[in-house]
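One line per chain: the protein sequences are H, W and D, in this order.
All the letters of the first sequence, read from the start, carry residue numbers 1 to 221 under the working numbering.
All the letters of the second sequence, read from the start, carry residue numbers 1001 to 1221 under the working numbering.
All the letters of the third sequence, read from the start, carry residue numbers 2001 to 2258 under the working numbering.
Before any comments, here is the structure.
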Amino acid sequence: MTYDWDFSLLAQNWPVLLRGLLVTVELWIPAMAAGLALGFALGLARLSRSGWVAKPALGAIEVFRGTPVLIQLIWFFYAFPIVIGVQLSPFVAALLGLTLNTAAYCAEIFRGGIQSVPKGQFEGARALGMTRAQAMRRVILPQVLRRMLPAFTNRAIELAKVTSLASVLSVHELMYQGRLLSATYYRPLEILTTVAIVYFVLIYPGSFLSARLERRLAARS
Amino acid sequence: MTYAWDFMPVLRHLDMLALGLVNTVKIAAASIVLGVAIGLVLALMRLSPSRLARAPATAFIEFYRNTPPIVHFFWFFYALPVLADISLDPLAAAILALSTQSGAFYAEVFRGGIVSIEKGQWEGARALGMSRAQLMRRVVLPQAIGRMVPPFVERSFELTKTTALASTLAYGELLYQAMQVNSQTFRPLEVYTVVALLYLVLLITASALARLAEQRLTAYR
Amino acid sequence: MTTTPLLEVEGLHKAFGPHEVLRGIDLAVMPGERVAIIGGSGSGKSTLLRCLNFMEVPTAGRIALDGRTLGRRGRDGGTVYPESELCGVRRRVGMVFQQFNLFPHRTAIENVMEALVTVKGTPRAEARARAEAELGKVGLSEKRDAYPSRLSGGQQQRVAIARALAMDPEILLFDEPTSSLDPELVGEVLRVIRGLAGEGRTMLLVTHELGFAYHFATKVVFLADGRFYEVGTPDEVLKHPRGERTRSFLARHSEFAF
């Protein structure tokens, strides 16, 4: 191989990537937090005994899980403003798409976790006179939250990767900054490789912890 | 809401979208086939008793699992040609990116299926005098394949959704074709909604087929 | 009268990491002998049995089958066992497991045929006839096309015995064959094993069923801390034990009656 690697321009331009990394985190953390909260509500709706609540929830979950995230982001940026009559900034559209997508996956994690609790637990709590909400909060959730933790960590990892798609809407996150640099300096090999490594360093610790957590939980049961 | 929906402009360009759908299926199918081959090699390396075979496979898998697919797409399209002094068209770059990435995930599906077979099955086969190859072919794999189907299908769905990223390399798959239709009709809401539904229909059909396959493979339970 | 033991074990050691399970076992089994191996949990009795068909590879010691020592000298002085030789040994030494280990994706008769066809190369028609005969012997002819998941534990274990018998083993190993069965299913399995004893087969049995061991065995060994603590006839070991530990072990299993 005769290619001369040249990382010197990265030595000068690392702040550009760092700014991108900050925006990546600004997408990642809020979308995860909001996705969890919304996902919980959606998961409960999905379990509702009323078809009027459960069916739309199921529909929303299926749409967000069954279509590419990229088209969701594009839809929220180009199509959704037409519905609501308000133009969204690329960042807001990306955040909205990522949040709802994460919520749909989290809803399924919550649903699976809650359904995995033996029915007797619910009945036992009800027999003591607890309301549905009390039984959920005091009896069901404490049992399943720990078991759901690896699934949520995996979701957070997926979300971190998916934030890179916001670059398509010109959100100035890490991938966008990388593309910008690479186009400016004609050094795609060094810059894109560096971007990949930065993502890896950002994501791997969570993935490592999640795998360990999963092993520990598996060993206990 | 005052917006008047009008699907006619989109329907007039249905042939463009159909072409996109065909191309989406084409990349997905090619990447699944290649990805399975890569995944089998990686899984065998990871199950090998030799560290020299295990370590590179583990590194490869961890790298792909912890970096965003869009980085792989851009890396293969812009960076690899620089490194290897070749030129790749968008289709080749997209298939390379998708199949290496899904190969990493398939490897874990295959390995997971094999190691999930209980110790007693391996021992029962060995106690009858079977060689390693015989016990793999006759006892372990026939049972493991049934267990691999659901995660395999899940990965293949993820892969199919990820084909949308080929649009960023200007390859004419479904999303890219939608962008073209949009630029001719200026009907983003209708175009992107229809395209999202097309993805949904594609995946729901595939999922029904997958359930059938799984039922046939695990009929002995 | 033969004078060569069918199975001979000398100075057998097995360690799992720092944990020594077997600490020097010597044993000779003559053709037609039936050995019951008893002992508390953790005494190493299952590990001993599993070393005899190399489900576990011994750390040290010599095992000979029909007068021929198995394995060959490695470069570091230890014994290495080539996989091909072990496959041959396992064809001659059958094993019945505590958890049956039937293949769930094969019917009862396919389980019995499997190794006949793949390992021995028996033609399918012949293997099927043989498998039917073996299933008949354990009283399961009518279950030949059932998958293991449709069989009771006792029936599964009887299929597992038929599967081992079909290979014409010179020695049969039973690793606690009734320990994972419901009490009411134990009898049917023990009856099958007792029937085999009547045929003069060479067998080794690890068991907690002391009453059965008494009637079944020609020799009983009591294992403690990875060594033979007491060896003798069933009368000697089970009725008139000399060792203190044998006595206290038997006292703890006082519910057994001969």
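Every residue, glycine too, gets a C-beta built ideally from N, C-alpha and C.
Cβ-based burial, residue i [other Cβ within 10 Å; buried from 16]
| i | result |
| --- | --- |
| Val-1071/W | buried |
| Gln-12/H | exposed |
| Glu-123/H | exposed |
| Asp-1085/W | exposed |
| Phe-1074/W | buried |
| Phe-80/H | buried |
| Thr-2003/D | exposed |
| Asp-2175/D | buried |
| Ala-2274/D | This structure leaves residue 2274/D out entirely; chain D is present only between 2001 and 2258. |
| Ala-1055/W | exposed |
| Tyr-186/H | exposed |
| Leu-1175/W | buried |
| Leu-1197/W | exposed |
| Leu-2172/D | buried |
| Gly-1146/W | buried |
| Glu-1118/W | exposed |
| Gln-177/H | buried |
For residue i: DSSP bridge partner residues
| i | result |
| --- | --- |
| Val-2231/D | Val-2221/D |
| Ala-2129/D | Ala-2129/D is not bridged to any residue. |
| Lys-2014/D | Leu-2022/D |
| Thr-2069/D | Ala-2064/D |
| Glu-2008/D | Ala-2028/D and Ala-2064/D |
| Ile-2171/D | Val-2093/D and Thr-2202/D |
| Arg-2034/D | Met-2203/D |
| Thr-2079/D | Arg-2073/D |
| Gly-2039/D | Leu-2223/D |
Whole-number beta carbon distance between residue j and residue i, since they are thought to touch under 8 Å
| i | j | result |
| --- | --- | --- |
| Leu-2065/D | Val-2029/D | About 10 Å; that fails the 8 Å criterion. |
| Leu-1169/W | Ala-1094/W | 6 Å |
| Leu-2204/D | Leu-2052/D | 7 Å |
| Ala-2213/D | Ala-2036/D | 4 Å |
| Arg-1138/W | Thr-2118/D | 6 Å |
| Ala-1079/W | Pro-188/H | 5 Å |
| Leu-159/H | Met-32/H | 6 Å |
| Leu-174/H | Ser-182/H | Not confirmed; about 12 Å, so no contact. |
| Gly-1124/W | Phe-2097/D | 7 Å |
| Ile-2281/D | Thr-2207/D | Beyond the ends of chain D as shown, which are 2001 and 2258, falls residue 2281/D; an answer cannot be given. |
| Glu-2134/D | Val-2112/D | 6 Å |
| Arg-111/H | Arg-212/H | Going by Cβ atoms, the distance from Arg-111/H to Arg-212/H rounds to 26 Å, so no, they are not a contact pair. |
| Gly-2154/D | Val-2189/D | 6 Å |
| Ala-1057/W | Arg-1046/W | 5 Å |
Sequence-distant residues of its chain with Cβ nearer than 6 Å to residue i (five each side left out)
| i | result |
| --- | --- |
| Thr-1160/W | Ala-1028 |
| Gly-1035/W | Ser-1099, Ser-1102, Gly-1103 and Tyr-1106 |
| Leu-1017/W | Gln-1177 |
| Ser-2043/D | Leu-2223 and Ala-2224 |
| Ala-1097/W | His-1072, Phe-1073 and Phe-1076 |
| Gly-97/H | Gln-72, Leu-73 and Phe-76 |
| Arg-65/H | Ala-104 |
| Phe-286/H | The shown model of chain H, from 1 to 221, leaves out residue 286/H, and the question about it has no answer. |
| Ile-61/H | Ala-104 and Ala-107 |
Chain-order list of residues whose beta-carbon lies under 7 Å from that of residue i (same chain, five-residue window excluded)
| i | result |
| --- | --- |
| Val-2280/D | The structure shown does not extend to residue 2280/D, since chain D is modelled only from 2001 through 2258, so no value can be given for it. |
| Val-1010/W | Val-1181, Thr-1185, Arg-1187, Glu-1190, Val-1191 and Val-1194 |
| Glu-2056/D | Lys-2014, Thr-2047 and Arg-2050 |
| Glu-1108/W | Ile-1061 |
| Pro-1090/W | Phe-1077, Ala-1166, Leu-1169, Ala-1170 and Tyr-1171 |
Contacts around residue i, its chain only, beta-carbon distance under 8 Å, and the 5 residues preceding and following it disregarded
| i | result |
| --- | --- |
| Ser-116/H | Val-144 and Arg-147 |
| Trp-1122/W | Leu-1135, Val-1139 and Val-1140 |
| Glu-2020/D | His-2013, Lys-2014 and Gly-2226 |
| Glu-214/H | Pro-150 |
| Phe-1223/W | With chain W covering only 1001 through 1221, there is no way to say anything about residue 1223/W. |
Scan the segment 99-120 of chain H for residues whose Cβ lies nearer than 9 Å to a Cβ of chain W and list them as they occur along the chain. none
When Cβ atoms are compared, which residues of the segment 1013-1033 of chain W fall closer than 7 Å to chain H? none
Selection of the segment 18-38 of chain H by Cβ proximity to chain W, strictly under 7 Å: none
Report the residues of the segment 1060-1080 of chain W with a CB closer than 9 Å to any CB of chain H, ordered along the chain. Glu-1062, Phe-1063, Arg-1065, Asn-1066, Thr-1067, Pro-1068, Pro-1069, Ile-1070, Val-1071, His-1072, Phe-1074, Trp-1075, Phe-1077, Tyr-1078, Ala-1079 and Leu-1080
Of the residues that make up the segment 2227-2246 of chain D, which ones have a beta carbon closer than 8 Å to any beta carbon in chain W? none
Within 7 Å of chain H by C-beta, residues of the segment 1032-1058 of chain W in sequence order: none
Listed in chain order, which residues of the segment 80-93 of chain H have Cβ atoms closer than 7 Å to some Cβ of chain W? Ile-82 and Val-83
Could you please tell me which residues of the segment 1161-1176 of chain W, in chain order, have their CB closer than 9 Å to any CB of chain H? Lys-1161, Thr-1162, Thr-1163, Ala-1164, Leu-1165, Ser-1167, Thr-1168, Leu-1174 and Leu-1175
The segment 2173-2199 of chain D: which residues have C-beta closer than 7 Å to a C-beta of chain W, in chain order? none
Residues of the segment 1141-1159 of chain W with a CB closer than 9 Å to any CB of chain D: list them in chain order, please. Pro-1142, Gln-1143 and Gly-1146
At a Cβ cut of 7 Å, what residues of the segment 185-203 of chain H count as close to chain W, listed as they run along the chain? Pro-188, Leu-189, Leu-192, Thr-193, Val-195, Ala-196, Tyr-199, Phe-200 and Ile-203
With 7 Å as the C-beta to C-beta threshold (strictly closer), list the residues of the segment 1113-1130 of chain W near chain D in chain order. Gly-1120, Gln-1121, Glu-1123, Gly-1124, Arg-1126, Ala-1127, Leu-1128, Gly-1129 and Met-1130
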